[in-house]
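Quick mapping for you: the protein sequence lines, in order, are chains C and B.
Start counting the first sequence at 1; every next residue gets the next number (my numbering).
Start counting the second sequence at 1; every next residue gets the next number (my numbering).
For every residue, glycine included, the Cβ atom is placed at its ideal position computed from N, Cα and C.
Read through the structure below, which is laid out as structure tokens, and then see the notes.
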Amino acid sequence: MQCGPARVCCAGQAGGQLSERDIDRQLVERAQRGDKRAFELLVEKYQRKLGRLLARFIRDPAEVEDVTQEAFIKAYRALPAFRGDSAFYTWLYRIGINTAKNYLMALRRRAPTSTEVEAEDAEGFEEGEQLRDINTPESMLLSKEIAQTVNATIDELPEELRTAIQLREIEGMSYEDIARIMDCPIGTVRSRIFRAREAIAERLRPLLDTGKDRRW
Amino acid sequence: MKSQISALMDGELDAHELHEPLAALRDDEGARESWRTYHLISDALQGRALLSADCLHRVVARLAQEPILVAPHPSAVRPPERAPWFVPSALAAGVAAVALVGWLAFAPQQGAGPGPTPLAQAPAAPTIEAAKAPASVPLTTASRDYLLAHQAFSSRNSLLGLAPYVRSVSDDAAARKP
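Spelled out as structure tokens, the structure:
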């Protein structure tokens, strides 16, 4: 079974497993109880996805980052009112789109109606080929280096690790489906995906200054 | 722990496994670095462009200036799920409790009926019943006045519904007639 781009849809549906939406809700509830770090985890998770969405409205990469930042702060302030009726990212995207529109109105610009994304579509939204690159010159180089390193490392991975991480990240499959395809236990899938991620992370570390001042 | 974080970001943890990685993500910078890097890898594999490193840094810096939220826990506000039989059972129990209290409060007390107890007609056969029956004592005028003045304190007028562990006195006007 494949989920397509919105891989959250099939993650963790069986038994007592938690879906990505459940995980987000856990983090939101912790943030609502005063745990700012829980909200930071959500920022770290969704910043690029939100930035990509906002780039449909705003041309300047630096402005995209400003609006992304503003949207997260607005979301944090509105968090007490978030009741979990929708997925967190649907709610966040609605805030992001409104923030972008307000920003453009303030600049007396007009939002590109032809590519406008309704908030209701956010759950299934995935960036298309027609979207512009939002990289600043600084991040563009690093983005390229990171992408090359990730791809090169994946090519060097043992077959079973490469297949597992690709089925998960690119095809959006659940561990259960990957286990069925690879004919192995779910625990083995979990281990293979983790080992693949660690191998890639190890190769990325020289590129990423993960000190407090330079977090990606 | 990193393995759990990897599964956590995929939504592939069981509910009972959740506490440990979430606690690590709160307290352990190494765990948080793994969370960040795994999401970076995921975004890179899915072709998402990166924002500059400063973007996250600025968001975190601004968050630090925001007040800490104290919103109520949604699950604490949400009413707990009840079994289907809970509501009718609770209603029946409530009605029964009200009926019991009402009966205790307003039911005629034993030996303190609305009229004088017809002592003369009490069955005389069981000896033990005769021993339990209140004595019929001729009252003086002073005693009657006293009882009339204090009838407000008699157990019969009590609305508390508690068992009246006090002696009751009734005046048989007919018995006083010559």
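State yes or no: is the beta carbon of residue 56/B nearer than 9 Å to at least one beta carbon in chain C? yes
Does DSSP put residue 4/B in a helix, a strand or coil? helix
For the ligand ATP, is there any heavy atom lying closer than 8 Å to the beta carbon of residue 64/C? The model depicted lacks the ligand ATP and carries no ligand whatsoever.
Simplified DSSP assignment, three categories, for residue 17/C: strand
Anything in chain B within Cβ reach of residue 74/C, meaning under 8 Å, just list it in chain order. Under the 8 Å cutoff, chain B gives no residues; its nearest Cβ is about 11 Å from residue 74/C.
Do residue 42/C and residue 99/C count as a contact pair if the criterion is CB distance below 9 Å? no
Which of the three DSSP states is assigned to residue 14/B in this structure? strand
Could you tell me whether the Cβ of residue 160/C comes closer than 9 Å to any Cβ of chain B? no
Where residue 7/B meets chain C, residues with beta-carbon distance less than 7 Å: 190
So, is the C-beta of residue 12/B closer than 9 Å to a C-beta in chain C? yes
Length of the line joining the Cα atoms of residue 78/C and residue 34/B: 28 Å
Interface residues of chain C around residue 35/B at Cβ under 7 Å? 41, 44
When you compare the CB of residue 95/B with every CB in chain D, is at least one pair closer than 9 Å? The chain labelled as chain D is not found among the protein chains of the depicted structure, namely C and B.
Could you tell me which of 1/B, 30/B, 37/B sits nearest to residue 20/B, measuring between CA atoms? 1/B
Distance between residue 18/C and residue 160/C (C-alpha atoms, nearest Å): 25 Å
Three or more C-beta pairs below 8 Å linking the stretch 157-173 of chain C and the stretch 183-196 of chain C: yes
Can you check which of these residues, 164/C, 71/C, 94/C, is closest to residue 58/B by C-alpha distance? 71/C
Neighbourhood of residue 173/C by C-beta, 6 Å cutoff - its chain only, sequence neighbours within 5 removed: 167
Assuming residue 218/C and residue 12/B make a contact with CB atoms under 8 Å, what is their CB distance in whole Å? Coverage of chain C is limited to positions 1 through 216, which leaves residue 218/C absent and any answer about it impossible.
By the three-class DSSP mapping on this structure, what secondary structure does residue 140/B have? coil
Which residues in chain C have a C-beta closer than 8 Å to the C-beta of residue 100/B? List them in chain order. By Cβ distance, chain C contributes nothing, its closest Cβ being about 41 Å from residue 100/B, past 8 Å.
Please report whether the beta-carbon of residue 68/C lies at a distance below 9 Å from any beta-carbon of chain B. yes
Does DSSP put residue 70/B in a helix, in a strand, or in coil? coil
is_contact[residue 80/C, chain B] using C-beta, thresh 9 Å: yes
Less than 9 Å between CB atoms is the rule here; does residue 194/C satisfy it with respect to chain B? yes
Going along chain B, which residues have a C-beta under 7 Å from residue 147/C? 44
Could you work out which residue in 69/C, 44/C, 200/C, 87/C is closest to residue 24/C when comparing CA atoms only? 87/C
Name, please, each residue of chain C whose Cβ falls closer than 8 Å to the Cβ of residue 66/B. 36, 73, 76, 77
Can you look up residue 20/B in the DSSP assignment and give me helix, strand or coil? helix
For the stretch 15-35 of chain B, which residues have a CB atom closer than 8 Å to at least one CB atom of chain C, in sequence order? 15, 16, 18, 22, 25, 26, 32, 33, 34, 35
Less than 8 Å between C-beta atoms, sequence neighbours within five positions excluded: which residues of the same chain meet that for residue 39/B? 9
Using the beta-carbon count (16 or more within 10 Å), is residue 91/C buried or exposed? buried
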